[in-house]
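4 protein chains.
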Amino acid sequence: MGVDIGLRVTSYAIVDVRGNVIAHNQFPTLDHPNINDYATFLSERLIEMMEANGGYDTIRSVGVGVHSGNFVKGSIENSSTLPWKGEVPLATMLRDRLGMAVAVGNNAHVRALGEHTFGKAHGMSDFIVLTLGPGMGSCIFSNGQPHLGNEGFAGEIGHVCINPTGRLCGCGQRGCLEAYCAEEGVVLTATKLLDKTDKPSKLRQYDILNEKHIIDCCKEGDTIAQETIYRTGVMLGIGLANYASVVNPEAIIFTGILSDAGQYLLDPAREAFEDNVFHNMRGKVKFLTSTFNDNRMQNVLGASVLAWQVQEYSLFK
Amino acid sequence: MGVDIGLRVTSYAIVDVRGNVIAHNQFPTLDHPNINDYATFLSERLIEMMEANGGYDTIRSVGVGVHSGNFVKGSIENSSTLPWKGEVPLATMLRDRLGMAVAVGNNAHVRALGEHTFGKAHGMSDFIVLTLGPGMGSCIFSNGQPHLGNEGFAGEIGHVCINPTGRLCGCGQRGCLEAYCAEEGVVLTATKLLDKTDKPSKLRQYDILNEKHIIDCCKEGDTIAQETIYRTGVMLGIGLANYASVVNPEAIIFTGILSDAGQYLLDPAREAFEDNVFHNMRGKVKFLTSTFNDNRMQNVLGASVLAWQVQEYSLFK
Amino acid sequence: MGVDIGLRVTSYAIVDVRGNVIAHNQFPTLDHPNINDYATFLSERLIEMMEANGGYDTIRSVGVGVHSGNFVKGSIENSSTLPWKGEVPLATMLRDRLGMAVAVGNNAHVRALGEHTFGKAHGMSDFIVLTLGPGMGSCIFSNGQPHLGNEGFAGEIGHVCINPTGRLCGCGQRGCLEAYCAEEGVVLTATKLLDKTDKPSKLRQYDILNEKHIIDCCKEGDTIAQETIYRTGVMLGIGLANYASVVNPEAIIFTGILSDAGQYLLDPAREAFEDNVFHNMRGKVKFLTSTFNDNRMQNVLGASVLAWQVQEYSLFK
Amino acid sequence: MGVDIGLRVTSYAIVDVRGNVIAHNQFPTLDHPNINDYATFLSERLIEMMEANGGYDTIRSVGVGVHSGNFVKGSIENSSTLPWKGEVPLATMLRDRLGMAVAVGNNAHVRALGEHTFGKAHGMSDFIVLTLGPGMGSCIFSNGQPHLGNEGFAGEIGHVCINPTGRLCGCGQRGCLEAYCAEEGVVLTATKLLDKTDKPSKLRQYDILNEKHIIDCCKEGDTIAQETIYRTGVMLGIGLANYASVVNPEAIIFTGILSDAGQYLLDPAREAFEDNVFHNMRGKVKFLTSTFNDNRMQNVLGASVLAWQVQEYSLFK
């Protein structure tokens, strides 16, 4: 089974080895601010679904994708967005309630597994999956395996600095990639552009602007929205060039809301990338967008792949 | 056997599985500006050494570390410093002359193998080896294996941009890490500091200043030399923070001439690193200097490790 | 794409990453006794199918499962049953005709990949897939990877000797497992039993008895057919006990025609296995039958998995 | 550090990454029939040695080779020869006493690691290390990694049956390889040969004959000793042929007391092997004897290699 613990919604599904979703459902994450209650509630929902779809015994294990999830430790570590603070040993909590092996990973890891098993990265050994949403995350695959890092924290591309005198990021540093390319940053870029000029723009109609508005207006030809996406793409290309010079991936696969901007984002990103990447790699790294168009189902699917990567329960006893 | 093709000197040695050097020798690389002549001369020297030390049949294979070496292709690719231009299929050239399997890798790869097998990285799965010399190179180990990248070019940390409006690099970009932390960059930093002031400095005695002068003067207490190393360390720390945020290594191991500066370099690097790295990694990444104190022998030793990673000759037939 | 070169029929299909068959077709293998003609004909059929289903550019590579296929060399090696003799460099022959990467493996390897990716072995690290058909083949997975052996010939379980004074095998030895458990051996066991007694048996109605007749009669309650399967199971159990003592698999997965006999075969095999296996493994090795019930489609599916394990064509150039 | 827990003697040593023994010592294993006492005594000796040789902080971890050791579980499991019965969680017991990571493996595993890192198997991916001593053990390397099996019990080659009506083995079965090729079996073969004839033989001088006597007399030309070794070699060759048909190793490396018989053993083993192995492997599998001539130090060295394969202590906390 795969579980995606999002900030608003927890989705869960039974997925077979071929990626077919047998059953799925969801509930609001924030209904359970106490992690013990949450773990109990989630476990009950999972067992309900198992029993209704072939039975408990037909399920091998459960994979969970969650913000700040750490596969090495099986925990949520200091999530800045979820209500549960500190280090939450979620894999153990669920394993004890379910009597079944549980794996926990972060969103970037889970998505990369989904792309490798069922998506654009199938058959690739060395690639990067980049998630562009409310935050940013990345996962490198090396020699066909995900690179998780020594502590399980690899992939914090959002806090790579691309301009030491640049925009202030929520993390306290200046010039983080996330300050330009995650949702808040993109909205800030648009707001600044709107403030600088009197030009009409569809973006002006929104009281609270979000990334989706900008992408939609961009596709509808709004020039300020297009300029926003263009500038975001340039920053992204510079950040990725640094990354790629060190990693030399076969492809970078873009996923998350912002990747819906498609060529409006990827063309300037590509151009800035080629200008900044180490010369031997120029023209050799593919830029691909994910085949999955439902981010939540992508996470659930990736989480179901993660489920297979934990040893069976009998080996924990 | 291990071979290190340096810009000035080619060193070669017979090394046993425990890293003991049975025999070693060297000759000037530039004596053979034609690559065919060079390959023939080198092969003759290698066979001579084999015959004098147990015989041709006791050697399994040959590993070669060289600037711009590409393990995936077995070639030297567009080296900017060696006399042989374009793509040189060195592994095949030597294999045909020697009748023995040959592996070719770049300096960063070869050094990382040496550190993993015989040095500070023994037993580590996820780490970075950083070479600081005339150029810069890095190699990530992921899950206990070197990450070579899709085309074999991974590790070009020297051309990671840390300041888009910064110093011009030889590659044509601005603000590359190499422009500050490779030999020429360090000398430039010292020269600029010397020009800005009348303060006496031992560095003023050298007509042509090099990195070694600066390191020596730094250790002897010269304040301008120390300021040079300090500034270099800060830039290095910023660059490594970006790298580590994405990779989450257990340790970064410093090798190459500049690492002789020891704590003069590592203390400011560490401080800038901690200021810039993603918060969950703060205080968790070890900074280590290599145990090897002879760079040339380190390369030869690492190249001998590489030799074992190629299949035996019989499988090429 | 996946291709299964059977003794009678060559099947081929376009399979997506989830194991869905997009298109499939077949032709008689023996229509092309000359291997060059065969390779050309097969390539034309494959390209036809690609063009009719999304186009040549949507296919990454081709995997081929074939008797005596050697993945390490990409060839068919000394097949005793196919018309093409000696070492046939099939991967190269097809690659040159298709302009696309091609992987070749033997049936046991291909089936094991299919079971690991889409079948009962999903999520297992250490298991054996055993094919019981006209011949016998086995493939060990170790640490999640297929064990192919140094020359690519691993898995010849059919020629494991279980009784040095036993039945003569086609290979010239006595007491090979294949002499009892492959199709001819099973038929011979039945014939001997029929000759020893006058008891009526449905098996007597067939002029030329084959394995399928025996399995069908066994299920219909024929005692001689049941005794045949029983004895076959005992021999199989003894052979597998030897194998498992050395390999310690999580499961043995049975596939091929004979596995259709189900519990008639597995019960005596299990009993003989437990009597003969090293005591610490008793009761710990699962005996499973494959979920695939069409051997030919299983091979094609497994071959499509193999296709992803070869590097893309660009890296051969 | 490496520890070898033998039936009579426990040896332990500090070994550096290159296999140099910095310090070593030993004590009688049976002095401590209670496992808690034993673990405490051993831990005290290890810490003493650490403190006398560079200090506790210079040691990363401890590897232990022991009969019936299970790396997956870190325990001794149902050893038939050691005084400690059932499942002994030795890794945890030592880790708690030492405050340091501890890995436990069986003799076959530990020796194979030693051969791979420091011996004849260096650079090989797929090979078998066979231990011939009081018992028999084997370890397959697959794709460069030891194959440990699902429960950690792989390698029980001694209980592979080569003749279902053969000699009774201590395990209760007939015809186990161990009944012919482990120490007791070899002595039994010699005794039977001595009983069948009046021919003079140096072997008759020993009241209690052991394997070493037979090997020594064999080398001195005693015909009955030679016949004993010859027959042992034949049985070994048959058993290995079965094994190799399934595994296809590059080499089989012989270690343990019996391997001292050298060509007296290997020549008939080779001949019987070639007669019985699957035809495509004939002449392709190397038979090698270990370079280590002190079995105890070989185990300690191998155990020190094992020490590096466990995660550092900090990750257990």
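Residue numbers (the working numbering), protein chains in the order written: chain V, 979 to 1295; chain X, 979 to 1295; chain E, 979 to 1295; chain C, 979 to 1295. Idealized CB from N, CA, C, for every residue including glycine.
| Check | Outcome |
| --- | --- |
| Near-chain E residues of the stretch 983-1006 of chain V (beta-carbon distance less than 8 Å), N- to C-terminal order | Val995, Arg996, Gly997, Asn998 |
| Closer than 7 Å at the beta carbon, the chain C residues around valine 1138 (chain E) | Asn1220, Ser1223, Val1224 |
| Ranges of the beta strand (DSSP E) found wholly within the stretch 995-1023 of chain C, counting only runs of at least 3 | 999-1006 |
| 8 Å Cβ cutoff, histidine 1125 (chain E) in contact with chain C | yes |
| Beta-carbon proximity list for methionine 1259 (chain C), same chain, < 8 Å, skipping 5 on both sides | Ala1222, Ser1223, Asn1226 |
| Proximity winner among X:Trp1286, X:Asp1176, X:Cys1139, relative to alanine 1250 (chain V) (alpha-carbon distances) | X:Cys1139 |
| Glutamine 1004 (chain X) versus threonine 1070 (chain X): straight-line alpha-carbon distance, rounded | 22 Å |
| Nearest to leucine 1279 (chain X) (by Cα), restricted to the options X:Arg986, X:His1045, X:Ile992, X:Leu1008 | X:Ile992 |
| Contact with chain V by isoleucine 1230 (chain X), beta-carbon distance below 8 Å | no |
| Helix, strand or coil at threonine 1059 (chain E) [DSSP, three-state] | coil |
| Chain-ordered neighbours of proline 1227 (chain C) on chain E, where CB pairs are closer than 9 Å | Gly1127, Asn1128, Ala1132 |
| Selection of the stretch 1042-1072 of chain V by Cβ proximity to chain X, strictly under 7 Å | Glu1055, Asn1056 |
| Beta-carbon spacing of proline 1124 (chain V), histidine 1100 (chain V) below 8 Å | no |
| Distance, threonine 1233 (chain V) Cα to proline 1112 (chain V) Cα | 12 Å |
| Cβ pair count under 8 Å reaching 3, the stretch 1201-1221 of chain E against the stretch 1087-1096 of chain E | no |
| Rounded separation between valine 1212 (chain X) and alanine 1247 (chain X) - CA only | 5 Å |
| Cβ-Cβ distance between isoleucine 1106 (chain X) and serine 1116 (chain X) below 8 Å | yes |
| C-beta neighbour in chain E for glutamine 1289 (chain C), strict 8 Å | no |
| DSSP three-state assignment for isoleucine 1216 (chain C), whether helix, strand or coil | helix |
| CA-to-CA distance, alanine 1229 (chain E) to glutamate 1265 (chain E), given in whole angstroms | Residue identity check: residue 1265 (chain E) is phenylalanine in the sequence provided, not glutamate. Roughly 6 Å between the two C-alpha positions. |
| 8 Å Cβ cutoff, asparagine 1121 (chain C) in contact with chain E | yes |
| Cut-off 6 Å between Cβ atoms - residues of its own chain near valine 1165 (chain E), not counting five sequence neighbours on either side | Leu1187 |
| 8 Å contact criterion, which leucine 1076 (chain X) and serine 989 (chain X) should meet: CB distance rounded | About 17 Å separates the two Cβ atoms, so there is no contact after all. |
| Chain C residues whose Cβ lies nearer than 9 Å to that of arginine 1038 (chain X) | His1100, Gly1101 |
| Short CB-CB distance (under 8 Å) between phenylalanine 1270 (chain E) and chain V | no |
| Proximal residues of chain V, C-beta to C-beta of phenylalanine 1105 (chain E) below 8 Å | The premise fails here: phenylalanine 1105 (chain E) is roughly 12 Å from chain V at the closest Cβ pair, so nothing lies under 8 Å. |
| Proximity test, Cβ basis, 8 Å: glutamate 1265 (chain E) and chain V | Sequence check: residue 1265 (chain E) is phenylalanine here, not glutamate. False, the Cβ-Cβ gap to chain V never drops below 8 Å. |
| Residues within the stretch 1076-1098 of chain E neighbouring chain V, beta-carbon criterion of under 8 Å | Thr1095, Phe1096, Gly1097 |
| Phenylalanine 1256 (chain X) at chain V interface by Cβ criterion, 8 Å | yes |
| Endpoints, the alpha helix (DSSP H) within which proline 1275 (chain C) is located | The sequence shown places methionine at residue 1275 (chain C), rather than the proline named in the question. Counting along the chain, the alpha helix (DSSP H) containing methionine 1275 (chain C) begins and ends at 1273-1285. |
| CA nearest to the CA of serine 1046 (chain X), picked from X:Tyr1034, X:Gly1064, X:Gly1032 | X:Gly1064 |
| Identified DSSP bridge partners for leucine 1146 (chain C) | C:Arg1152 |
| Contacting positions in the stretch 1141-1170 of chain X - beta carbon closer than 7 Å to chain V | Asn1141, Pro1142, Cys1149, Gln1151 |
| Min CB distance lysine 1295 (chain X) to chain V below 8 Å | Note that lysine 1295 (chain X) scores a pLDDT of 49, beneath 50, so its modelled location is shaky; the value from the coordinates is reported in the next line. Lysine 1295 (chain X) does not count as touching chain V. |
| Residues of its chain near leucine 1126 (chain X), where Cβ-Cβ distance is below 8 Å and the 5 sequence neighbours each way are ignored | Phe1049, Val1050, His1087, Ala1132 |
| Cutoff 8 Å: methionine 1259 (chain X) Cβ touching any chain V Cβ | yes |
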